[in-house]
Amino acid sequence: TSSGGAFAAFNEPAESSSGRRKSDKKERGDSKQSNAPKRNDSFSVPEDAPAPAAPAKQYLSPDECGKKGVNILKEYFVGGDTDDAVLSFDELIGAGKDGSIDRGAKVVESGCLLVLEMKAEDVEKFLTIALRCIKENKLEGKAITTGLNDPIEFLSDIVIDAPLAGTHLAHIVAEFVKCGAISFDFLLNTPDYFRTDGNAAQFGVNVLKKIGGDAIESEANVEVIAKLMTDDDKEQYPTAKELMAA
């Protein structure tokens with residue numbers, strides 16, 4: 001019994017010691033956990049917030065665009081850089097943005113009215129910029145047809161002081177048709193005054209001759225000329241083909 005008591009006495013502290021070690025480890029562990037920063041359940045990692053939308057660009061009014069366009073062309077005519085001029089028109093018109101048709105129309109209108117009273121070389125410079133803008137989608141077809149209305153309507157008045165204006169405008173229209181920006185039959189929707197008193201059929205013939213190739217023989221184009229002919233035209237030329245051959 002004494003021996004068993006000794007063993008019991010020997011084992012008891014060991015068990016007690018072991019129990020303390022476990023307890024100490026648990027307490028130390030609890031202490032570490034209590035000292036560790038606790039996660040706030042209400043905190044969440046913010047997702048990437050969308051970048052704030054850039055403020056919408058404020059464009060000039062159509063009339064202001066027309067005036068600005070003239071200034072850009074004048075600078076270009078005296079030795080300006082083509083790339084810079086095209087970029088300036090792109091920023092001015094903003095093709096595809098709200099109001100771009102009206103802005104582009106005024107640029108075309110003012111540009112045409114400017115060069116109709118200038119030399120042929122200035123017309124070519126204007127076309128260099130215009131055709132580049134068309135090719136790069138910086139000028140829309142609807143803007144072109146709308147912008148041509150005033151130059152076409154007032155052509156008979158312009159030629160009084162600028163005899164070459166008719167030739168210049170026919171060349172400009174021909175280039176716009178050739179590049180595919182507009183169709184030849186847009187002439188059927190030009191202002192009434194031009195179609196009744198502006199010698200529209202002859203102007204159309206001049207455009208076709210400038211286009212060249214088989215344009216003059218196209219039945220669709222012949223039909224357009226026929227529709228443009230006035231009664232006075234028909235008295236002199238019974239058919240569109242006769243007018244076109246004159």
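Residue numbers (UniProt numbering): 1 to 246. We put the beta carbon where it would ideally sit given N, CA and C, even for glycine. All of these numbers come straight from a predicted model, not from anything done at the bench.
- Taking 8 Å as the cut-off, the Cβ atoms of V205 and L243 count as close.
- Taking F186 as the centre and dropping the five residues before and after it, the same chain places the C-beta of T145 closer than 6 Å to its C-beta, in chain order.
- V115 and L73 have their C-alpha atoms spaced approximately 10 Å apart.
- One alpha carbon belongs to A165, the other to E117, and they sit about 6 Å apart.
- The C-beta distance from C133 to F194 rounds to 25 Å, too long to fall under 8 Å, and the pair is not in contact.
- Where L131 is concerned, the enclosing alpha helix (DSSP H) starts and stops at A120 to K135.
- Each of F184, S156, A220 and E136 was checked against the Cα of I93, and the nearest Cα belongs to E136.
- 8 Å or more divides the Cβ of G141 from the Cβ of S110.
- Nearest C-alpha to D192 among D150, Q202 and A170: D150.
- Rounded to the nearest whole angstrom, the CA to CA distance from A226 to G104 is 31 Å.
- In this chain, the alpha helix (DSSP H) harbouring S100 covers S100 to V115.
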